[in-house]
Ligand code: MG
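In the numbering used here, the protein residues as written are 81 to 406.
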């Protein structure tokens, strides 16, 4: 079945679209009430984030726009020390979209939400003229403990920088699909709740966290440096990159430091807890290649000690030049 403008009419075909695809993929007591808004429990500080997903292709090695929409949103909540609880999902569907593809994406979204521990409590579908494209907007809500205060401004001289794994897979996977390059690079798209919650439950003194998405590690560290008025020093040889992604970057002249991931994060932690934190991340799902990659100093900007023993300034990503990776 192809989606037609009638599926966006708000009438019978819209109900059919919701029943046959979205309700089948995702059913829970709050959503099934089909009320105008979700009323949910909550009695603490909350974290809220929203994100729109326009990736092409819609399905790629290691994930799809549905799993990506959940991971991107959940990870942003986690980075402030929140426990993700609720998510909304709004689909903008171009007429001509394949219903089978939409079914797969909705199922993948539901499965990832389950893994991430979030309930989809509200949703919307709109059908517009177009050429079969699918776009998703998600808003996430998480609960934050009263004493938790994790933010970039908290980075300070002496802190240790931990990277949760290898750089660049998501970006390289999307670029490979779009350019028709054959390789085995898979997107690292993943919810990072286990590693974050394991660190928080162990009482690790986390000052800041950020997931590495568009702009890459270089951009994240520059943002941290600017906001905290500290310097960030990293060592090239400590930064994990798979040989396959490294090869891919070399051929295309890309820098892994500016490649986007969707299942990797930076944690800036107090020096006393650094070794413990990296062990915790390594033992968590999606964190087996975690590494300490550098330290925070009283200087400024981001500097990298190269493999050859030189030093170079790491800039944030300038310009775009990158495809729709998320
Ligand atoms: Mg983020």
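The C-beta atom is built at its ideal place from N, Cα and C for all residues, glycine as well.
For residue i, name the three-state secondary structure that DSSP assigns.
i, result
"residue 289", "strand"
"residue 227", "coil"
"residue 467", "This structure does not reach residue 467, given that the chain is present from 81 up to 406, and the question cannot be answered."
"residue 89", "coil"
"residue 174", "strand"
"residue 187", "helix"
"residue 129", "strand"
"residue 163", "strand"
"residue 156", "helix"
"residue 136", "coil"
"residue 264", "coil"
"residue 241", "strand"
"residue 299", "helix"
"residue 179", "helix"
"residue 278", "helix"
"residue 345", "strand"
"residue 144", "strand"
"residue 254", "helix"
"residue 82", "strand"
Buried or exposed: where does residue i fall if 16 or more other Cβ atoms within 10 Å of its Cβ makes it buried?
i, result
"residue 165", "buried"
"residue 261", "exposed"
"residue 163", "buried"
"residue 218", "buried"
"residue 121", "exposed"
"residue 348", "buried"
"residue 160", "buried"
"residue 290", "buried"
"residue 117", "exposed"
"residue 332", "exposed"
"residue 274", "buried"
"residue 386", "exposed"
"residue 108", "exposed"
"residue 152", "buried"
"residue 88", "buried"
"residue 189", "buried"
"residue 364", "buried"
Hey, would you say residue i sits closer than 8 Å to residue j, going by beta carbons?
i, j, result
"residue 173", "residue 205", "yes"
"residue 220", "residue 367", "no"
"residue 394", "residue 235", "no"
"residue 272", "residue 343", "yes"
"residue 257", "residue 328", "no"
"residue 179", "residue 82", "yes"
"residue 241", "residue 361", "no"
"residue 138", "residue 214", "yes"
"residue 312", "residue 210", "no"
"residue 254", "residue 324", "no"
"residue 143", "residue 177", "no"
"residue 196", "residue 154", "yes"
"residue 175", "residue 299", "no"
"residue 316", "residue 384", "yes"
"residue 302", "residue 396", "yes"
"residue 232", "residue 134", "no"
"residue 129", "residue 156", "yes"
Whole angstroms are fine: how far does the CA of residue j sit from the CA of residue i?
i, j, result
"residue 185", "residue 124", "33 Å"
"residue 158", "residue 278", "12 Å"
"residue 337", "residue 346", "13 Å"
"residue 270", "residue 194", "12 Å"
"residue 305", "residue 371", "20 Å"
"residue 398", "residue 281", "37 Å"
"residue 297", "residue 111", "37 Å"
"residue 171", "residue 285", "38 Å"
"residue 169", "residue 379", "43 Å"
"residue 340", "residue 147", "16 Å"
"residue 309", "residue 252", "32 Å"
"residue 150", "residue 106", "13 Å"
"residue 216", "residue 187", "14 Å"
"residue 119", "residue 191", "23 Å"
"residue 127", "residue 293", "19 Å"
"residue 93", "residue 113", "19 Å"
"residue 250", "residue 268", "5 Å"
"residue 207", "residue 199", "24 Å"
"residue 247", "residue 319", "8 Å"
"residue 404", "residue 288", "27 Å"
"residue 239", "residue 263", "38 Å"
"residue 321", "residue 335", "11 Å"
"residue 100", "residue 354", "49 Å"
"residue 388", "residue 382", "18 Å"
"residue 102", "residue 356", "42 Å"
"residue 98", "residue 104", "8 Å"
Under 7 Å: does the beta carbon of residue i sit that close to some heavy atom of the ligand ATP?
i, result
"residue 159", "Questions concerning the ligand ATP fall outside what the structure shown contains, since the ligands it does hold are the ligand MG."
Item checked: Every unbroken alpha helix (DSSP H) inside the segment 102 to 127 [4 residues or more] -> 109 to 112
Notebook entry, point to check: Quick one: complete alpha helix (DSSP H) runs, 4+ long, within the segment 353 to 390?
Noted result: 354 to 363
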